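Asks: Shown below is the structure under consideration.
If you want it as structure tokens, here you go:
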């Protein structure tokens, strides 16, 4: 059994009203190395137009500009910049299909396209957010019927059992699900306690003690739904903006590829000086808002009051880090490159070792990598 | 984001746990003797002198080496509590300065894998040897008090300046145990093992079932064995380390002396890398 803890976080009330930020001046689409670009500088593109040899489509209509080196959550990357003409020209004339018309073949093909493992008789849907994130909850809240329709269809076509896991304090979604329970007989609801790390798929599966199961997040089901209906990746995503320096925490619906500066426009702050963390304080990292581009990996933005970082002290050998580690890794051995290489994949990057360390040792630094992909 | 407690909270816990012992030391070796007309007014401040001079030495070393003042003050106060009242008042600060200085420099330069606090404490016997090797205060020397077992448990017995009270050491253990980072397993298992084996060995060699309640030995388990830097990291390692210290102390204790605890802690600490290696196997396999 995993060791899960209650972090006893101060609750941040996020408005249930989702804020739409869908009118950026430009969008940057980060590209992996060796990507062949199908468009040239100053070309006009329409929404849904294929931009590269890979499945990358224009999320807005506008004019192509030069490649730019940008910061993303994982690494520095070159990105294709499209200046928005706000004309919303769309090349996709196909109508969205209904969930009931999705065939088994379509579903299986899409699942393999997305590299979603799907070989077990149970599917756990993780609708749990860790720390100050509310994104999974809001994917469900805002797309409730689409997601449940698709899950019900998946259960019928693939003959699997679906378990939807929600946190006990997620009252809005629990109420919705209980109201419409009869409409989705194949979906079983599991309500789990408010413990840290249940948002992690591995930990959730372990907690539910369902060995024969694949786990997907609600956001992944949203992506799947979008792809099945439009035959391309969804262009939007949900991001929580919160933190102790934000006056009105909220969830924003925006496009992938917008700049962090654009997202933070009109966000009222308590103090002007702030630190920005992407994807929570424990698991995420501090970033500089200039030149940062939002990608699919970004789930939340935390704006904290600026604090001077505590100086690392000499290790006390107290063993708190290795005793708290949910997967029995010894962070005290991270300096040993061989050990680090061995455990890097096993590490959940939950940040609990750094959280508990009385000497303020930042163990995350051993796990971080910075790469720049060259095209 | 960080857990609400950190290193400073542990140091505070140590200091809070030490205060009742320091006060009792002042009473037992000063005021109590003065009330019984065994000391003149001037000499009731001898324990206070050792506390203050230790704090001053710790501050000087910390300022010179730019080290954590609180850590050094804590170390010095623990040492001052465990030394004899008969320690030479001039040699002690000099020796403490030299030993604390060397220990800080070594800690900065290399990773020390032995319990330096116990070693410093053993070296401090030199300051005692300049007078006469004795832990007795004036009242105990002339043996005018007839202490019973309860008095001894409270602290009226032979021991260091502020480390003779088993009751207050137990209270300190309780205070420290509330701190997540305090290695209580070491102190608890060392104390239990020592208590049991001490009874067994006393019966085996002296045919008596005398409960040995030397406060200074339990003090060394609670304050020195659970060293914040040098001690095993896993729970099992702490238990093994504690049992080893308790067992060694009960053997060395047969030869008398209040240094058995410090010697055992020093010797056992030499085995910490081995204990860590054995007990951290599950982490190494990851």
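Residue numbers (my numbering), protein chains in the order written: chain A, 1 to 375; chain B, 1 to 286. Glycine is no exception: its CB is placed at the ideal position from the N, C-alpha and C atoms. Only a predicted model underlies this, so the values are computations on that prediction, with no experimental measurement involved.
Could you have a look at residue 372 (chain A) and say whether DSSP puts it in helix, strand or coil?
Replies: For residue 372 (chain A), the predicted model reports a pLDDT of 42, less than 50, meaning its position is unreliable and no value from the coordinates is stated.
Asks: Report yes if the CB atom of residue 125 (chain A) is closer than 8 angstroms to the CB atom of residue 163 (chain A), and no otherwise.
Replies: Going by C-beta atoms, residue 125 (chain A) is nearer than 8 angstroms to residue 163 (chain A).
Asks: Whose C-beta lies closer than 6 angstroms to the C-beta of residue 183 (chain B) among residues of the same chain, with five residues either side of it excluded?
Replies: So the qualifying residues of the chain are 226, 231, 238.
Asks: Please state the DSSP three-state secondary structure of residue 283 (chain A).
Replies: Residue 283 (chain A): coil per DSSP, three-state reduction.
Asks: What runs of the alpha helix (DSSP H), each 4 residues or longer, lie entirely inside the segment 153 to 198 of chain B?
Replies: Runs found: 166 to 177.
Asks: Out of curiosity, what's the CA-to-CA distance linking residue 131 (chain A) and residue 200 (chain B)?
Replies: When rounded, the distance between both Cα atoms is 54 angstroms.
Asks: Please determine if the segment 234 to 247 of chain A and the segment 286 to 305 of chain A are in contact, where contact requires at least 3 C-beta pairs separated by less than 8 angstroms.
Replies: Taking 8 angstroms as the limit for Cβ pairs, the verdict is that the segment 286 to 305 of chain A does touch the segment 234 to 247 of chain A.
Asks: With a threshold of 7 angstroms on Cβ separation, who are the neighbours of residue 87 (chain A) within its own chain once the five nearest residues in sequence on each side are excluded?
Replies: Correct list, in chain order: 61.
Asks: DSSP three-state call for residue 242 (chain A): helix, strand or coil?
Replies: Residue 242 (chain A): strand per DSSP, three-state reduction.
Asks: If we define contact as Cβ-Cβ less than 8 angstroms, is residue 316 (chain A) a contact residue for chain B?
Replies: At least one chain B Cβ lies under 8 angstroms of residue 316 (chain A).
Asks: Between B:122, B:213, B:144, B:264, which has its C-alpha nearest residue 92 (chain B)'s C-alpha?
Replies: Ranking B:122, B:213, B:144, B:264 by Cα distance to residue 92 (chain B) puts B:122 first.
Asks: What do you reckon, are the CB atoms on residue 82 (chain A) and residue 48 (chain A) nearer than 8 angstroms?
Replies: For residue 82 (chain A) and residue 48 (chain A), no; Cβs fall outside 8 angstroms.
Asks: In chain order, what residues of the segment 228 to 241 of chain B put their CB closer than 9 angstroms to some CB of chain A?
Replies: Flagged, chain order: 228, 229, 230, 231, 232, 233, 234, 235, 237, 238.
Asks: Our contact map puts residue 67 (chain A) next to residue 57 (chain A) with C-beta atoms below 8 angstroms; I'd like the distance itself, whole angstroms only.
Replies: That belief does not hold up - the Cβ atoms of residue 67 (chain A) and residue 57 (chain A) are roughly 18 angstroms apart, past 8 angstroms.
Asks: Nearest to residue 288 (chain B) by CA position, among B:39, B:68, B:73, B:136, is which residue?
Replies: The first residue shown for chain B is 1 and the last is 286, placing residue 288 (chain B) beyond what the model contains.
Asks: For residue 373 (chain A), would you say it is in contact with chain B, using Cβ-to-Cβ distances shorter than 8 angstroms as the test?
Replies: At residue 373 (chain A), the pLDDT of 43 sits below 50, so the modelled position is not reliable; the number obtained from the coordinates is stated separately. False, the Cβ-Cβ gap to chain B never drops below 8 angstroms.
Asks: If you follow the beta strand (DSSP E) that residue 277 (chain A) is in, where does it begin and where does it stop?
Replies: Residue 277 (chain A) -> beta strand (DSSP E) spans 274 to 278.
Asks: By DSSP's criteria, residue 83 (chain A) is part of a beta bridge. Which residues make up the other side?
Replies: Looking at the DSSP assignment, residue 83 (chain A) forms a beta bridge with A:26, A:63.
Asks: At 8 angstroms on the CB atoms, spell out the chain B contacts of residue 322 (chain A), in chain order.
Replies: Those within 8 angstroms of residue 322 (chain A) in chain B are 233, 234, 280, 283.
Asks: How should residue 183 (chain A) be labelled, buried or exposed, when 16 other C-beta atoms within 10 angstroms of its C-beta is the threshold for buried?
Replies: Result: exposed.
Asks: Where are the beta strand (DSSP E) runs, 3 residues long or more, that stay fully inside the segment 142 to 183 of chain A, in chain order?
Replies: 161 to 167, all fully within the segment 142 to 183 of chain A.
Asks: Residue 292 (chain A): which of A:50, A:27, A:116, A:6 sits nearest, CA to CA?
Replies: Per the Cα distances, A:27.
Asks: Please confirm if residue 51 (chain B) has its CB atom under 8 angstroms from at least one CB of chain A.
Replies: With 8 angstroms as the cut-off, residue 51 (chain B) does not count as an interface residue toward chain A.
Asks: Quick one: using the 10 Å Cβ neighbour count with 16 as the cut-off for buried, is residue 159 (chain B) buried or exposed?
Replies: So residue 159 (chain B) ends up on the buried side.
Asks: Using a Cβ-Cβ cut-off of less than 9 angstroms, list which residues of the segment 56 to 90 of chain A approach chain B; keep chain order.
Replies: Answer set for the segment 56 to 90 of chain A: empty.
Asks: Near residue 250 (chain B), which residues of its chain fall below 6 angstroms by C-beta distance, leaving aside the five closest residues on each side in sequence?
Replies: Hits under 6 angstroms: 194, 197, 198, 201.
Asks: By Cβ distance below 7 angstroms, which residues in the same chain neighbour residue 278 (chain A) in space, the five residues on each side in sequence not counted?
Replies: If we look at residue 278 (chain A) and ignore the five residues flanking it on each side, its Cβ neighbours are 73, 284, 285, 287, 298, 301.
Asks: Helix, strand or coil for residue 60 (chain B)? Go by DSSP, reduced to three states.
Replies: In the structure shown, residue 60 (chain B) sits in a helix (DSSP, three-state: H, G or I).
Asks: For residue 292 (chain A), write down the residues that DSSP places opposite it in a beta bridge.
Replies: Residue 292 (chain A) is bridged to A:71.
Asks: Who are the neighbours of residue 313 (chain A) on chain B, taking C-beta pairs under 8 angstroms?
Replies: Within chain B, the residues near residue 313 (chain A) are 7, 68.
Asks: Measure the C-alpha to C-alpha separation of residue 213 (chain A) and residue 186 (chain A) and round it to an integer number of angstroms.
Replies: About 15 angstroms.
Asks: Could you spell out where the beta strand (DSSP E) holding residue 270 (chain A) opens and where it closes?
Replies: No beta strand (DSSP E) holds residue 270 (chain A); DSSP gives it neither H nor E.
Asks: Indicate whether residue 282 (chain A) and residue 352 (chain A) have their beta-carbon atoms separated by less than 8 angstroms.
Replies: In this structure, residue 352 (chain A) lies closer than 8 angstroms to residue 282 (chain A) by Cβ.
Asks: For the alpha helix (DSSP H) holding residue 240 (chain B), just list the boundary residues, first then last.
Replies: Note, residue 240 (chain B): alpha helix (DSSP H), 235 to 252.
Asks: By how many angstroms is the C-alpha of residue 258 (chain A) removed from the C-alpha of residue 77 (chain B)?
Replies: Roughly 59 angstroms between the two C-alpha positions.
Asks: Checking contacts by CB at 8 angstroms: is residue 282 (chain A) closer than that to chain B?
Replies: Cβ-Cβ to chain B under 8 angstroms: yes for residue 282 (chain A).
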